[in-house]
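Novice: To convert, take the position in the sequence shown, counting from 1, and add 11; that gives this note's numbering.
Encoded as structure tokens, here's the structure I'll be asking about.
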Amino acid sequence: MTGKMTETQAKIFLASERGLTESDWFRTYNMFNAGCYISPHKESFGSLYMLNEETLAPGRRLTTEAEEDAYLLLVPVVGGVQCSGTGHSARQVEAGEVLIWPAEKKSILRIHNPYDELVQFIQIGIKADNESLQKDVCQYPFGIINDEVSWVGEDGENKWPFVTGLGKYKGRSEDCCRLAPDRGLFVYVIQGAFEVQSRLLQAGDGLAIWNCADVEWEALSNDAVLLVIDLPNSKV
12 MTGKMTETQA
22 KIFLASERGL
32 TESDWFRTYN
42 MFNAGCYISP
52 HKESFGSLYM
62 LNEETLAPGR
72 RLTTEAEEDA
82 YLLLVPVVGG
92 VQCSGTGHSA
102 RQVEAGEVLI
112 WPAEKKSILR
122 IHNPYDELVQ
132 FIQIGIKADN
142 ESLQKDVCQY
152 PFGIINDEVS
162 WVGEDGENKW
172 PFVTGLGKYK
182 GRSEDCCRLA
192 PDRGLFVYVI
202 QGAFEVQSRL
212 LQAGDGLAIW
222 NCADVEWEAL
232 SNDAVLLVID
242 LPNSKV
């Protein structure tokens with residue numbers, strides 16, 4: 012191995028330490044500080060300020076107000092949701108897809124469960140400068156290929172400050188992601204278990220990584236699912 016060595020830095024966000032808010036029709040687990048859930052150890056990872064695992068009852072509607080100029084990402088895990096809000100036409104997004112919703116500060120996003128069963132989804136918030144905030148809502152299939160990440164945002168037309176991907180793996184499958192020097196990676200386990208950079212992660216756990224050229228992981232269970240977000244290098 013040649014070249015200058017840099018110390019890889021990482022921070023684990025455990026599922027068991029997430030904030031929890033729930034009612035008879037809604038439940039959310041907060042990875043980062045939100046609402047009444049405040050901890051000095053749960054500050055945002057740079058521009059990534061929200062990563063919530065949310066469950067919505069049949070027929071119910073959730074209304075949220077954007078705290079920042081941001082990109083809101085919705086990744087359904089079970090079922091699908093309908094989205095509508097300030098300045099954009101309604102969209103429906105299903106499991107296996109991602110919806111990228113540009114939101115100006117104080118704008119409204121409504122998330123509706125049109126089904127007769129519970130739906131579960133990941134809601135992600137990434138801060139953006141108002142001047143560079145893209146205006147169009149975008150929706151993509153992840154196009155999952157077994158044992159590797161299917162990336163969204165690498166088509167050359169993307170002007171977002173991030174790319175995201177989803178991967179599904181059989182047990183003992185290995186994969187990696189190369190990072191530019193000015194980039195960081197947030198890894199979130201949706202299902203199963205992984206070893207990421209020699210750290211054990213289980214469902215609901217997250218890992219922020221920076222100062223790392225190559226991030227490596229191995230699935231420790233069958234049908235393990237990993238969500239990854241590549242964004243500007245940020246220290247926790």
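Positions of the beta carbon are idealized from the N, C-alpha and C atoms, including for glycine.
All values reported here derive from a predicted model rather than from experimental measurement.
(1) Cα separation between Asp-140 and Lys-170?
(2) Does DSSP put Glu-28 in a helix, a strand or coil?
(3) Could you give the DSSP three-state label for Met-16: helix, strand or coil?
(4) How is the beta strand (DSSP E) around Phe-197 delimited, first residue to last?
(5) Comparing alpha-carbon positions, which option in Ala-235, Ile-220 and Ala-68 lies nearest Ala-204?
(6) Suppose the cutoff is 6 Å on Cβ atoms and the five residues either side in sequence are ignored; what does the same chain contact list for Val-198 look like?
(7) Quick check on the burial criterion: 16 or more other C-beta atoms within 10 angstroms. Buried or exposed for Asn-157?
(8) Note down the Cα distance separating Lys-181 from Lys-117, rounded to an integer number of angstroms.
(9) Counting Cβ pairs closer than 8 Å, one from the stretch 44-55 and one from the stretch 117-129, do we hit at least three?
(10) When the Cα atoms are used, what is the spatial distance from Leu-196 to Ile-220?
(11) I'd like the ranges of any beta strand (DSSP E) spanning at least 3 consecutive residues and lying wholly in the stretch 33-63.
(12) Among the residues of its own chain, which have a CB less than 7 Å from the CB of Ile-119, if the five just before and after it don't count?
(13) Measuring CB atoms only, is the stretch 27-44 touching the stretch 182-193, in the sense that at least three cross pairs come out at less than 8 Å?
(14) Go ahead and pull the three-state DSSP assignment for Glu-128.
(15) Alpha carbon to alpha carbon, how far is Leu-212 from Ser-27? Give it in angstroms, no decimals.
(16) Since Arg-72 is in the beta strand (DSSP E), which residue starts that stretch and which ends it?
(17) Around the C-beta of Gln-134, are 16 or more other C-beta atoms found within 10 angstroms, so that it is buried, or is it exposed?
(18) So the candidates are Gln-202, Val-200, Ser-184 and His-99; which of them puts its Cα closest to the Cα of Glu-229?
(19) Using three-state DSSP, classify Ser-118 as helix, strand or coil.
(20) Is it the case that the Cβ atoms of Arg-72 and Arg-121 are separated by a distance below 7 Å?
(21) Give a yes or no on whether the C-beta atoms belonging to Met-61 and Gly-136 are separated by under 7 Å.
(22) Which residue or residues does DSSP assign as beta-bridge partners of Ser-184?
Specialist: Looking at the coordinates:
(1) Stepping through the sequence shown from its first residue, residue 140 is reached at position 129. Stepping through the sequence shown from its first residue, residue 170 is reached at position 159. Cα to Cα, the separation comes out at about 12 Å.
(2) Along the sequence shown, one-based indexing puts residue 28 at 17. Three-state result, Glu-28: helix.
(3) The count along the sequence shown starts at 1 and reaches residue 16 at position 5. Bear in mind that a pLDDT of 46 at Met-16, under 50, signals an unreliable position, so the number given afterwards is only what the model happens to contain. Met-16: coil per DSSP, three-state reduction.
(4) Sequence index remark: in the sequence shown, residue 197 carries index 186 (1-based). Element bounds for Phe-197: 194-202.
(5) In the sequence shown, residue 204 corresponds to position 193, counting from 1. The shortest C-alpha separation from Ala-204 is found at Ala-235.
(6) What you label residue 198 is simply residue 187 of the sequence shown in a count that begins at 1. Closer than 6 Å at Cβ, skipping near neighbours: Val-207, Leu-218 and Val-239.
(7) Sequence index remark: in the sequence shown, residue 157 carries index 146 (1-based). The residue is exposed, with fewer than 16 neighbouring Cβ atoms inside 10 Å.
(8) Here residue 181 refers to the residue found at position 170 when the sequence shown is read from its first residue. Here residue 117 refers to the residue found at position 106 when the sequence shown is read from its first residue. Going from the Cα of Lys-181 to the Cα of Lys-117 covers about 42 Å.
(9) no
(10) The residue you call residue 196 lines up with position 185 of the sequence shown. The residue you call residue 220 lines up with position 209 of the sequence shown. If I take the Cα positions, the gap works out to 5 Å.
(11) 37-41
(12) By one-based count along the sequence shown, residue 119 stands at place 108. Thr-74, Glu-76, Gly-96 and Thr-97.
(13) no
(14) By one-based count along the sequence shown, residue 128 stands at place 117. Coil, per DSSP.
(15) Looking up residue 27 in the sequence shown gives position 16. Looking up residue 212 in the sequence shown gives position 201. Each residue's Cα considered, the two are about 12 Å apart.
(16) Within the sequence shown, residue 72 is the residue found at index 61, counting from 1. Looking at the DSSP string, the run of the beta strand (DSSP E) that includes Arg-72 is 72-76.
(17) Locating residue 134 in the sequence shown gives position 123, where the first residue counts as 1. So Gln-134 ends up on the buried side.
(18) As a first step, residue 229 must be located in the sequence shown, where it is residue number 218. The residue with the shortest Cα to Cα distance from Glu-229 is Ser-184.
(19) Locating residue 118 in the sequence shown gives position 107, counting from the first residue. Ser-118: coil per DSSP, three-state reduction.
(20) Locating residue 72 in the sequence shown gives position 61, counting from the first residue. Locating residue 121 in the sequence shown gives position 110, counting from the first residue. Yes, the pair counts as a contact, with Cβ atoms nearer than the cut-off.
(21) Translated into the one-based positions of the sequence shown, residue 61 becomes position 50. Translated into the one-based positions of the sequence shown, residue 136 becomes position 125. Result yes, Cβ atoms of Met-61 and Gly-136 sit closer than 7 Å.
(22) Counted from its first residue, the sequence shown places residue 184 at position 173. Answer by DSSP bridge pairing: none, since Ser-184 is not bridged.
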